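What follows is a single structure, written as structure tokens, with notes after it.
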Amino acid sequence: MTTAASELATYNFAYLDEQTKRMIRRAILKAIAIPGYQVPFASREMPMPYGWGTGGVQVTAAILGPEDVLKVIDQGADDTTNAVSIRAFFQKVADVAVTTKTREATIIQTRHRIPEERLTTGQTLVYQVPIPEPLRFLEPRETETRKMHALEEYGLMHVKLYEDIARNGHIATTYAYPVKVEGRYVMDPSPTPKFDNPKMHMSEALQLFGAGREKRIYAVPPFTEVVSLDFEDHPFEVQSFDKPCALCGAENVYLDEVVLDDRGGRMFVCSDTDHCEDRRDHGHCGTMLAYNKGAAQ
Amino acid sequence: MTDAPLLRARDISKFYGARIGCQNVSFDLWPGEVLAIVGESGSGKTTLLNCLATRLMPTSGTIEYRTRDGQMRDLARMGEAERRFLMRTDWGFVHQNPADGLRMTVSAGANVGERLMAVGERHYGNIRETAGDWLRRVEIGIDRIDDQPRAFSGGMRQRLQIARNLVTAPRLVFMDEPTGGLDVSVQARLLDLVRGLVHDLGLSAIIVTHDLAVARLLSHRMMVMKDGHVIEHGLTDRVLDDPREAYTQLLVSSILQV
Numbered sequence: 001m002t003t004a005a006s007e008l009a010t011y012n013f014a015y016l017d018e019q020t021k022r023m024i025r026r027a028i029l030k031a032i033a034i035p036g037y038q039v040p041f042a043s044r045e046m047p048m049p050y051g052w053g054t055g056g057v058q059v060t061a062a063i064l065g066p067e068d069v070l071k072v073i074d075q076g077a078d079d080t081t082n083a084v085s086i087r088a089f090f091q092k093v094a095d096v097a098v099t100t101k102t103r104e105a106t107i108i109q110t111r112h113r114i115p116e117e118r119l120t121t122g123q124t125l126v127y128q129v130p131i132p133e134p135l136r137f138l139e140p141r142e143t144e145t146r147k148m149h150a151l152e153e154y155g156l157m158h159v160k161l162y163e164d165i166a167r168n169g170h171i172a173t174t175y176a177y178p179v180k181v182e183g184r185y186v187m188d189p190s191p192t193p194k195f196d197n198p199k200m201h202m203s204e205a206l207q208l209f210g211a212g213r214e215k216r217i218y219a220v221p222p223f224t225e226v227v228s229l230d231f232e233d234h235p236f237e238v239q240s241f242d243k244p245c246a247l248c249g250a251e252n253v254y255l256d257e258v259v260l261d262d263r264g265g266r267m268f269v270c271s272d273t274d275h276c277e278d279r280r281d282h283g284h285c286g287t288m289l290a291y292n293k294g295a296a297q
Numbered sequence: 001m002t003d004a005p006l007l008r009a010r011d012i013s014k015f016y017g018a019r020i021g022c023q024n025v026s027f028d029l030w031p032g033e034v035l036a037i038v039g040e041s042g043s044g045k046t047t048l049l050n051c052l053a054t055r056l057m058p059t060s061g062t063i064e065y066r067t068r069d070g071q072m073r074d075l076a077r078m079g080e081a082e083r084r085f086l087m088r089t090d091w092g093f094v095h096q097n098p099a100d101g102l103r104m105t106v107s108a109g110a111n112v113g114e115r116l117m118a119v120g121e122r123h124y125g126n127i128r129e130t131a132g133d134w135l136r137r138v139e140i141g142i143d144r145i146d147d148q149p150r151a152f153s154g155g156m157r158q159r160l161q162i163a164r165n166l167v168t169a170p171r172l173v174f175m176d177e178p179t180g181g182l183d184v185s186v187q188a189r190l191l192d193l194v195r196g197l198v199h200d201l202g203l204s205a206i207i208v209t210h211d212l213a214v215a216r217l218l219s220h221r222m223m224v225m226k227d228g229h230v231i232e233h234g235l236t237d238r239v240l241d242d243p244r245e246a247y248t249q250l251l252v253s254s255i256l257q258v
């Protein structure tokens, strides 16, 4: 135990040195003060490749305290590679308590989902963001997009939605669906499905977004207005699913498609694994739960 | 035409280091008037146009513009937000190369609709209808509304660029060699179209061209530039039929007669 502790001492608490954490915290404070505004920060090299959540990890490291309880999800699941390794990383370098239960967590680092369970005051959701600039695909110049944000010139965002309708007959953007925060900044909610957009609106939890490669941090403070962009005659709507979750029978949740065999067999299950397990523990049962038990035996 | 100028330029100079872009250019542009700036390449035409359109900051001189509320405003003293708003509502800028003025990766309809969305139009049906209407006016088939400009010919791209600029009913349009790079028959149709639109909409326009025929067809007045200076300035017919300066005489006499 003592040797383990001395090995740990070679890292500062939560991996980053205190000066770096201060720098990131300053960026976070600025981001909270200007909801939706992308604050540049001096992103550090992390012991993982870009695209694996280096931005989210830095934000989490900067706000993590010894008393915190950490949950990490990837596409809603607690048990995928990315989630497991980031969780293990913070267990090792910060020795914090971890959980898979949304309710118990004080900090939830997420990639591409917002938990189904309603987040409450005191919780912080940290998003991993690959491309923070919502205007990027239409305007490649950073100088120009910054100017557009500064002058609130967001016509271009609707050009993208217009293109969607012209090509597909409806707004076909299903993830990274642009939102306007507090009536001012247009923001990319990271590649979460648009299903989750309404959860950001007036959320009790603090939402922080970290983009490591692009070196940007932005935030949505609690109780902030988050409105998805749309047209008057093509209003914003979320995805709906024909069937409930095959394991827990939940409706109005975001489902993943799971291919079962090579004969076209498939099932739709909750993407939020914690939510699904919790429901099953409470006796909810989907159509394919028995099938799964049979397979296990 | 009213008795107040729409645009007033006074002593516009632009230096690139020690090199002269243009020097001491002054003129007034009146509502509904088309002014041509002609001269050989390198004479400072485009520099002057870019200064007027606030795309370049002049080294000295003032440019004033009469906004819709009737006030004469110094463009250099306007805030950037206001200036950019002016540029996408009250002004148009037609580039020589349509790829510079168009978004090549979005459809023709969205290209025309962009300005409408930029000023707050949020009804897809209305935007599309207006876009279709403008495509018709510039003689692009309605069946091409969802095609990208990449799939268009040079002449169609140029017409699309014009439609994109005119959709917000601007009062002043800057054109930089609008017919450059087009073949002669396409040029003729484009000129016809521009002349019709300028007349119907009562537009003011400043057209930079090295082609005297374009100036003759479109403009009321013209300025002849050489080495950054305006050497002759007058009604188009007067300048072309009775050129005073030796250089203008040379220009006029070097038009190929077929």
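Those sequence lines, one after another, are chains A and B. For the first sequence, counting from 1, position 98 maps to 98 in our numbering; every step adds exactly one. For the second sequence, counting from 1, position 48 maps to 48 in our numbering; every step adds exactly one. Even glycine gets a Cβ: it sits at the ideal position worked out from N, Cα and C. In this text the structure is predicted, and so the values were computed from the model without any measurement.
request  = Name the residue from B:I12, B:R8 and B:G32 whose alpha carbon lies nearest to the alpha carbon of D200 of chain B.
outcome  = In the second sequence, counting from the first residue as 1, residue 200 of chain B sits at position 200. Ranking the options by Cα distance to D200 of chain B, first place goes to B:G32.
Residue from B:V112, B:L235, B:R244 and B:D74 whose Cα sits closest to the Cα of T130 of chain B = Mapped onto the second sequence, residue 130 of chain B falls at position 130. By alpha-carbon distance to T130 of chain B, the top candidate from B:V112, B:L235, B:R244 and B:D74 is B:V112.
request  = Enumerate in chain order the residues of its own chain whose CB-to-CB distance from G51 of chain A is below 8 Å, with the five nearest sequence positions on each side excluded.
outcome  = Counting from 1 along the first sequence, the entry for residue 51 of chain A is found at position 51. Answer for G51 of chain A: P130 and R213, listed in chain order.
ask   = Which same chain residues, not among the five before or five after D11 of chain B, have their C-beta less than 6 Å away from its C-beta?
value = Indexing the second sequence from 1 puts residue 11 of chain B at position 11. Counting only Cβ-Cβ distances below 6 Å, and skipping sequence neighbours, we find N24, S26 and G61.
inquiry  = Let me check you understand the geometry: is the CB of K92 of chain A closer than 7 Å to at least one non-hydrogen atom of the ligand NAP?
reply    = Because no ligand of any kind appears in the structure shown, any question about the ligand NAP cannot be addressed here.
Whole-angstrom distance between V258 of chain A and G122 of chain A, CA atom to CA atom = Against the first sequence, residue 122 of chain A aligns to sequence position 122. Against the first sequence, residue 258 of chain A aligns to sequence position 258. Distance between the alpha carbons of G122 of chain A and V258 of chain A: 34 Å.
query = Any idea what DSSP makes of Y177 of chain A, helix, strand or coil?
reply = In the first sequence, counting from the first residue as 1, residue 177 of chain A sits at position 177. If DSSP states are grouped into helix, strand and coil, Y177 of chain A belongs with coil.
request  = Could you check which residue in A:G155, A:L16, A:E116 and A:P132 has the C-alpha nearest to that of Y124 of chain B?
outcome  = For the purposes of this step, residue 124 of chain B is taken as the residue at position 124 of the second sequence. Per the C-alpha coordinates, the member of A:G155, A:L16, A:E116 and A:P132 positioned closest to Y124 of chain B is A:G155.
key: Neighbouring residues, chain A, relative to H123 of chain B (Cβ below 8 Å)   = By 1-based counting over the second sequence, the position of residue 123 of chain B is 123. Those are F231, E232 and D233, listed as they occur along chain A.
query = For the stretch 51–85 of chain B, which residues have a CB atom closer than 8 Å to at least one CB atom of chain A, in sequence order?
reply = Per Cβ criterion, the list reads E80, A81 and R84.
inquiry  = At 3 residues or longer, what runs of the beta strand (DSSP E) sit wholly inside the stretch 60–97 of chain B?
reply    = 60–66, 72–74 and 91–94
task = Please decide whether E245 of chain B counts as near chain A, where near means a Cβ-Cβ distance under 8 Å.
result = Looking up residue 245 of chain B in the second sequence gives position 245. Taking Cβ atoms only, chain A never reaches closer than 8 Å to E245 of chain B, which makes this a no.
query = Can you list the residues of chain C that V159 of chain A reaches, using a CB-CB cut of under 9 Å?
reply = As a matter of chain content, chain C is missing from the structure shown, whose protein chains are A and B.
message = Tell me the rounded alpha-carbon separation between A36 of chain B and H95 of chain B.
response = Working through the second sequence from its first residue, we reach residue 36 of chain B at position 36. Working through the second sequence from its first residue, we reach residue 95 of chain B at position 95. A36 of chain B and H95 of chain B have their C-alpha atoms spaced approximately 15 Å apart.
ask   = Between which two residues does the alpha helix (DSSP H) harbouring Q249 of chain B extend?
value = For this step, residue 249 of chain B is matched to residue 249 along the second sequence. Its alpha helix (DSSP H) spans residues A246 to S253.
Contact the stretch 37–56 of chain B vs the stretch 3–22 of chain B: 3+ CB pairs below 8 Å = Cβ pair count under 8 Å is three or more, so yes.
inquiry  = Starting from D261 of chain B, trace the beta strand (DSSP E) in both directions and tell me its first and last residue.
reply    = No statement about residue 261 of chain B is possible, as the shown extent of chain B runs from 1 to 258 and does not include it.
ask   = What are the partner residues of E204 of chain B, as DSSP defines its beta bridges?
value = As a first step, residue 204 of chain B must be located in the second sequence, where it is residue number 204. Note that residue 204 of chain B corresponds to Ser in the displayed sequence, not to Glu. According to DSSP, S204 of chain B bridges with B:L172.
query = Taking V283 of chain B as the reference, which of B:G79, B:W30, B:L182 and B:Q148 has the closest Cα?
reply = This structure leaves residue 283 of chain B out entirely; chain B is present only between 1 and 258.
request  = Compute the beta-carbon to beta-carbon distance between I28 of chain A and K71 of chain A, rounded to the nearest angstrom, for a pair I have assumed lies under 8 Å.
outcome  = Numbered from 1 along the first sequence, position 28 holds the residue referred to as residue 28 of chain A. Numbered from 1 along the first sequence, position 71 holds the residue referred to as residue 71 of chain A. Actually they are not in contact, since the Cβ atoms of I28 of chain A and K71 of chain A sit about 19 Å apart, beyond 8 Å.
message = Looking at I73 of chain A: is its Cβ nearer than 8 Å to the Cβ of A61 of chain A?
response = Translated into positions along the first sequence, residue 73 of chain A becomes position 73. Translated into positions along the first sequence, residue 61 of chain A becomes position 61. Between I73 of chain A and A61 of chain A, the CB-CB gap reaches or exceeds 8 Å.
task = Would you tell me roughly how many angstroms separate the C-alpha atoms of R25 of chain A and I63 of chain A, rounded to the nearest one?
result = On the first sequence, position 25 is the one that residue 25 of chain A refers to. On the first sequence, position 63 is the one that residue 63 of chain A refers to. C-alpha separation (whole angstroms): 7 Å.
Residue-chain proximity (R87 of chain A, chain B), Cβ-Cβ < 8 Å = Indexing the first sequence from 1 puts residue 87 of chain A at position 87. Answer no: the Cβ-Cβ gap between R87 of chain A and chain B never drops below 8 Å.
ask   = Do L240 of chain B and R216 of chain B have their C-beta atoms closer together than 8 Å?
value = On the second sequence, position 240 is the one that residue 240 of chain B refers to. On the second sequence, position 216 is the one that residue 216 of chain B refers to. The answer is yes: Cβ separation under 8 Å.
task = Give, in chain order, every unbroken run of the alpha helix (DSSP H) that is at least 4 residues long and sits entirely within the stretch 121–192 of chain A.
result = 142–150 and 155–168
ask   = Which first and last residues belong to the beta strand (DSSP E) in which C22 of chain B is found?
value = Stepping through the second sequence from its first residue, residue 22 of chain B is reached at position 22. R19 to L29 is the span of the beta strand (DSSP E), which, as asked, contains C22 of chain B.
Complete runs of the alpha helix (DSSP H) confined to the stretch 100–148 of chain B [at least 4 residues] = 108–118 and 124–137
task = Look up A9 of chain B in the DSSP assignment and say whether it is helix, strand or coil.
result = Stepping through the second sequence from its first residue, residue 9 of chain B is reached at position 9. DSSP places A9 of chain B in strand when its eight states are reduced to three.
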